[in-house]
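In our numbering, each number is its position in the sequence shown, counted from 1, plus 142.
I have placed the structure first, in the form of C-alpha coordinates, so that the comments after it can refer back to it.
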Amino acid sequence: MSVPYETAAYEPAESPESPEEHLARLLGRALNSFELPDEVIRQLDCPLAQDSSLHSAHHSSGLHRETYRHTWLLADGSAVTLWELVHNTAPGSDPQHEVYVDEEELRVATARLPLPPDTPDFELPVLVTPAPVPMPRHVYVPDDSADHARRLLRRAENPDRPDTETAEVLSTAFAHQITQAFGRPGRAGRPGLAFSLYEHAFLLRDGRELSLWEVEHTATPDGRHMCEVYPTEAAARNAMERRATRRG
(Lines of atoms letter the chains of each structure in order from A and count residues from 1; the text may use other names and numbers.)
(Lines give C-alpha, C1' and ligand atoms only; values in the text may rest on other atoms or scores of the structure.)
Protein backbone atom coordinates (compact mmCIF):
# COMPACT_ATOMS: atom_id res chain seq x y z
CA MET A 1 0.00 0.00 0.00
CA SER A 2 1.34 3.42 -0.92
CA VAL A 3 2.37 5.74 1.90
CA PRO A 4 2.81 9.41 0.84
CA TYR A 5 5.97 11.19 1.83
CA GLU A 6 7.45 14.63 1.32
CA THR A 7 10.69 15.25 -0.54
CA ALA A 8 12.64 17.94 -2.35
CA ALA A 9 10.98 20.44 -4.69
CA TYR A 10 9.85 19.07 -8.02
CA GLU A 11 10.63 22.32 -9.86
CA PRO A 12 14.05 23.91 -9.17
CA ALA A 13 13.76 27.16 -7.26
CA GLU A 14 15.86 28.99 -9.82
CA SER A 15 13.53 28.07 -12.67
CA PRO A 16 12.79 31.14 -14.81
CA GLU A 17 9.20 30.02 -15.30
CA SER A 18 6.59 32.46 -14.08
CA PRO A 19 3.64 31.14 -12.02
CA GLU A 20 1.38 31.63 -15.04
CA GLU A 21 3.74 29.70 -17.34
CA HIS A 22 3.99 26.83 -14.86
CA LEU A 23 0.19 26.65 -14.63
CA ALA A 24 -0.19 26.70 -18.42
CA ARG A 25 2.34 23.88 -18.80
CA LEU A 26 0.62 21.79 -16.13
CA LEU A 27 -2.83 22.20 -17.66
CA GLY A 28 -1.47 21.66 -21.16
CA ARG A 29 -0.04 18.22 -20.38
CA ALA A 30 -2.91 16.98 -18.16
CA LEU A 31 -5.36 14.76 -20.06
CA ASN A 32 -8.27 15.76 -17.82
CA SER A 33 -7.64 19.47 -17.31
CA PHE A 34 -10.95 20.27 -19.00
CA GLU A 35 -12.71 18.70 -15.99
CA LEU A 36 -11.36 21.27 -13.52
CA PRO A 37 -14.06 23.57 -12.09
CA ASP A 38 -14.31 26.98 -13.73
CA GLU A 39 -14.08 28.61 -10.29
CA VAL A 40 -10.62 27.12 -9.72
CA ILE A 41 -9.41 28.35 -13.12
CA ARG A 42 -10.71 31.85 -12.34
CA GLN A 43 -8.91 31.86 -8.99
CA LEU A 44 -5.66 31.03 -10.75
CA ASP A 45 -5.99 33.88 -13.23
CA CYS A 46 -3.21 36.02 -11.68
CA PRO A 47 -1.08 33.92 -9.31
CA LEU A 48 1.76 35.73 -7.54
CA ALA A 49 4.08 32.83 -6.70
CA GLN A 50 4.24 29.07 -7.13
CA ASP A 51 5.75 26.06 -5.35
CA SER A 52 5.86 22.39 -6.39
CA SER A 53 6.93 19.26 -4.53
CA LEU A 54 6.97 15.51 -5.04
CA HIS A 55 4.33 14.03 -2.71
CA SER A 56 4.71 10.25 -3.23
CA ALA A 57 6.12 7.68 -5.66
CA HIS A 58 5.63 4.00 -6.51
CA HIS A 59 7.99 2.07 -8.83
CA SER A 60 7.58 -1.63 -9.64
CA SER A 61 8.41 -3.95 -12.56
CA GLY A 62 8.94 -1.16 -15.04
CA LEU A 63 5.74 0.60 -13.99
CA HIS A 64 5.74 3.80 -12.03
CA ARG A 65 3.54 6.55 -10.71
CA GLU A 66 4.35 9.81 -8.95
CA THR A 67 2.10 12.40 -7.37
CA TYR A 68 3.03 16.09 -7.18
CA ARG A 69 1.58 18.97 -5.23
CA HIS A 70 1.48 22.35 -7.02
CA THR A 71 0.51 25.39 -4.94
CA TRP A 72 -0.06 28.95 -6.15
CA LEU A 73 -0.11 32.04 -3.94
CA LEU A 74 -2.85 34.57 -4.78
CA ALA A 75 -2.93 38.34 -4.33
CA ASP A 76 -5.44 38.15 -1.46
CA GLY A 77 -3.08 35.95 0.58
CA SER A 78 -4.94 32.69 -0.08
CA ALA A 79 -3.47 29.67 -1.85
CA VAL A 80 -4.77 27.16 -4.40
CA THR A 81 -3.36 23.63 -4.68
CA LEU A 82 -3.63 21.22 -7.61
CA TRP A 83 -2.54 17.58 -7.39
CA GLU A 84 -0.82 15.97 -10.38
CA LEU A 85 -0.69 12.24 -11.04
CA VAL A 86 1.98 10.95 -13.45
CA HIS A 87 2.10 7.27 -14.45
CA ASN A 88 3.06 4.92 -17.28
CA THR A 89 0.41 2.22 -16.78
CA ALA A 90 -1.46 3.02 -20.00
CA PRO A 91 -0.84 0.94 -23.17
CA GLY A 92 2.44 1.96 -24.78
CA SER A 93 4.03 2.92 -21.44
CA ASP A 94 4.06 6.61 -22.34
CA PRO A 95 3.81 8.91 -19.31
CA GLN A 96 0.27 10.09 -18.65
CA HIS A 97 -0.50 13.25 -16.67
CA GLU A 98 -3.72 13.93 -14.75
CA VAL A 99 -4.63 16.81 -12.44
CA TYR A 100 -7.07 17.00 -9.52
CA VAL A 101 -8.33 19.72 -7.19
CA ASP A 102 -8.10 17.79 -3.91
CA GLU A 103 -6.20 14.93 -2.35
CA GLU A 104 -9.24 12.66 -2.09
CA GLU A 105 -9.77 12.78 -5.87
CA LEU A 106 -6.07 12.02 -6.25
CA ARG A 107 -6.35 8.95 -3.99
CA VAL A 108 -9.31 7.62 -5.98
CA ALA A 109 -7.44 8.09 -9.26
CA THR A 110 -4.30 6.46 -7.86
CA ALA A 111 -6.21 3.44 -6.53
CA ARG A 112 -7.49 2.53 -9.99
CA LEU A 113 -4.00 2.21 -11.51
CA PRO A 114 -2.93 -1.38 -12.34
CA LEU A 115 0.05 -1.46 -9.96
CA PRO A 116 0.98 -4.38 -7.64
CA PRO A 117 -0.80 -3.55 -4.36
CA ASP A 118 1.92 -4.84 -2.03
CA THR A 119 4.95 -3.18 -3.62
CA PRO A 120 6.41 -0.52 -1.31
CA ASP A 121 6.85 3.02 -2.46
CA PHE A 122 10.13 4.07 -4.04
CA GLU A 123 12.22 5.95 -1.49
CA LEU A 124 14.66 8.67 -2.47
CA PRO A 125 18.12 8.67 -0.83
CA VAL A 126 17.53 12.00 0.92
CA LEU A 127 14.14 13.12 2.14
CA VAL A 128 13.72 16.82 2.77
CA THR A 129 10.55 18.57 3.85
CA PRO A 130 10.05 21.44 1.39
CA ALA A 131 9.55 24.92 2.72
CA PRO A 132 5.89 25.96 2.60
CA VAL A 133 4.79 28.72 0.26
CA PRO A 134 5.21 31.89 2.35
CA MET A 135 2.08 33.87 3.03
CA PRO A 136 2.44 37.55 2.08
CA ARG A 137 2.37 40.29 4.71
CA HIS A 138 0.41 42.58 2.39
CA VAL A 139 -2.56 42.49 0.04
CA TYR A 140 -0.84 43.20 -3.26
CA VAL A 141 -2.24 44.66 -6.46
CA PRO A 142 -0.70 43.28 -9.68
CA ASP A 143 0.33 46.34 -11.68
CA ASP A 144 3.30 47.93 -13.44
CA SER A 145 5.13 47.65 -10.13
CA ALA A 146 8.67 47.58 -11.52
CA ASP A 147 8.05 50.97 -13.11
CA HIS A 148 6.57 52.27 -9.85
CA ALA A 149 9.75 51.22 -8.02
CA ARG A 150 11.91 52.89 -10.67
CA ARG A 151 10.00 56.19 -10.40
CA LEU A 152 10.10 56.07 -6.58
CA LEU A 153 13.88 55.69 -6.54
CA ARG A 154 14.31 58.34 -9.22
CA ARG A 155 12.52 61.04 -7.20
CA ALA A 156 14.43 60.23 -3.99
CA GLU A 157 16.81 63.11 -3.17
CA ASN A 158 18.77 61.61 -0.26
CA PRO A 159 22.32 60.49 -1.14
CA ASP A 160 21.96 57.31 0.97
CA ARG A 161 18.93 56.05 -0.95
CA PRO A 162 18.86 52.34 -1.94
CA ASP A 163 21.59 51.40 -4.39
CA THR A 164 21.51 50.09 -7.96
CA GLU A 165 21.49 46.49 -6.71
CA THR A 166 18.15 47.14 -5.00
CA ALA A 167 16.85 48.77 -8.16
CA GLU A 168 17.85 45.70 -10.15
CA VAL A 169 16.07 43.37 -7.73
CA LEU A 170 12.94 45.52 -7.92
CA SER A 171 12.94 45.24 -11.72
CA THR A 172 11.29 41.83 -11.12
CA ALA A 173 8.44 43.29 -9.03
CA PHE A 174 4.98 42.71 -10.47
CA ALA A 175 2.66 43.63 -7.59
CA HIS A 176 2.82 46.22 -4.83
CA GLN A 177 0.95 47.95 -2.02
CA ILE A 178 1.41 51.46 -0.57
CA THR A 179 0.43 52.15 3.04
CA GLN A 180 1.00 55.15 5.28
CA ALA A 181 2.91 54.51 8.50
CA PHE A 182 2.06 56.54 11.60
CA GLY A 183 3.79 57.20 14.89
CA ARG A 184 6.16 60.09 14.20
CA PRO A 185 9.27 60.91 16.24
CA GLY A 186 8.48 63.57 18.84
CA ARG A 187 10.22 66.46 17.18
CA ALA A 188 8.73 65.69 13.78
CA GLY A 189 5.48 67.14 15.09
CA ARG A 190 6.88 70.66 15.56
CA PRO A 191 4.72 73.46 14.12
CA GLY A 192 5.58 74.38 10.55
CA LEU A 193 7.00 70.97 9.65
CA ALA A 194 5.12 68.31 7.72
CA PHE A 195 6.31 64.70 7.70
CA SER A 196 4.68 61.66 6.08
CA LEU A 197 6.02 58.13 6.02
CA TYR A 198 4.91 55.51 3.49
CA GLU A 199 5.78 51.86 3.03
CA HIS A 200 6.01 50.72 -0.59
CA ALA A 201 5.83 46.91 -0.41
CA PHE A 202 6.73 44.94 -3.54
CA LEU A 203 6.17 41.29 -4.41
CA LEU A 204 8.89 39.80 -6.62
CA ARG A 205 8.61 37.06 -9.22
CA ASP A 206 10.36 34.55 -6.95
CA GLY A 207 7.83 35.13 -4.16
CA ARG A 208 10.03 37.37 -2.01
CA GLU A 209 8.77 40.61 -0.50
CA LEU A 210 10.80 43.81 -0.39
CA SER A 211 9.77 47.16 1.09
CA LEU A 212 11.05 50.69 0.56
CA TRP A 213 10.23 53.45 3.03
CA GLU A 214 9.44 56.90 1.63
CA VAL A 215 9.70 60.04 3.73
CA GLU A 216 7.95 63.18 2.43
CA HIS A 217 8.68 66.34 4.41
CA THR A 218 8.99 70.12 4.31
CA ALA A 219 12.11 70.35 6.52
CA THR A 220 14.01 72.10 3.73
CA PRO A 221 15.58 75.59 3.71
CA ASP A 222 12.78 77.01 1.55
CA GLY A 223 9.98 74.85 2.97
CA ARG A 224 9.45 72.90 -0.25
CA HIS A 225 8.39 69.26 -0.23
CA MET A 226 11.22 66.74 -0.44
CA CYS A 227 11.17 62.97 -1.02
CA GLU A 228 13.65 60.59 0.56
CA VAL A 229 13.68 56.78 0.28
CA TYR A 230 15.24 54.30 2.71
CA PRO A 231 15.58 50.49 2.78
CA THR A 232 14.19 50.10 6.34
CA GLU A 233 11.59 51.75 8.54
CA ALA A 234 14.21 52.44 11.22
CA ALA A 235 16.43 54.31 8.75
CA ALA A 236 13.46 56.35 7.54
CA ARG A 237 12.36 57.32 11.06
CA ASN A 238 15.93 58.24 12.01
CA ALA A 239 16.07 60.51 8.97
CA MET A 240 12.81 62.16 10.01
CA GLU A 241 14.25 62.80 13.48
CA ARG A 242 17.45 64.27 12.06
CA ARG A 243 15.57 66.58 9.73
CA ALA A 244 13.28 67.78 12.51
CA THR A 245 16.25 68.38 14.85
CA ARG A 246 18.09 70.51 12.31
CA ARG A 247 15.02 72.67 11.80
CA GLY A 248 14.45 72.88 15.57
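All C-beta atoms in this analysis are idealised placements derived from N, C-alpha and C, irrespective of residue type, glycine included.
### Query
What are the boundary residues of the beta strand (DSSP E) that Asn243 is part of?
Note on residue identity: the sequence assigns Val, not Asn, to residue 243. Careful: Val243 lies outside any beta strand (DSSP E) and carries neither H nor E.
### Query
Out of curiosity, what's the CA-to-CA distance linking Leu205 and Pro233?
11 Å
### Task
Decide if Gln322 is buried, meaning its Cβ has at least 16 other Cβ atoms within 10 Å, or exposed.
exposed
### Message
By the DSSP assignment, the beta strand (DSSP E) with Leu352 in it spans what residues?
### Response
351–359
### Task
Mind checking who Ser198 pairs with in its DSSP beta bridge?
Thr209
#### Entry: Other residues of its chain near Ala343: CB distance less than 8 Å, five sequence neighbours each side excluded
Arg279, His280, Tyr282, His318, Gln319, Ile320, Thr321, Glu351, Leu352, Ser353
### Message
Here's a check: name, in chain order, each residue in its chain whose Cβ is nearer than 8 Å to the Cβ of Glu247, leaving out the five neighbours to either side.
### Response
Trp225
### Query
How many angstroms separate the CA atom of Asn230 from the CA atom of Ala172?
13 Å
### Query
Taking the C-alpha atoms as reference points, what is the distance between Gly349 and Thr252?
31 Å
### Task
Output yes or no for whether 7 Å exceeds the beta carbon distance between Arg207 and His197.
no
### Query
Where DSSP assigns a beta bridge to Val281, which residues make up the other side?
DSSP, once it has assigned bridges, lists no residue as partnering Val281.
### Query
Taking Ser194 as the reference, which of Asp187, Arg167, Arg184 has the closest Cα?
Arg167
### Message
Quick check: the Cα distance between Arg379 and His239, rounded to an integer number of angstroms?
### Response
54 Å
### Where the beta strand (DSSP E) through Leu345 begins and ends
337–346
### Task
Could you name the residues that DSSP lists as bridge partners for Asp193?
Thr213
### Task
Could you pull out every residue in the same chain whose Cβ sits closer than 7 Å to the Cβ of Glu265, ignoring the five residues on either side in sequence?
Reliability fails at Glu265, whose pLDDT of 41 lies under 50, so the model's placement of it is uncertain and the value that follows must be treated cautiously. So the list is empty, once near-sequence residues are dropped.
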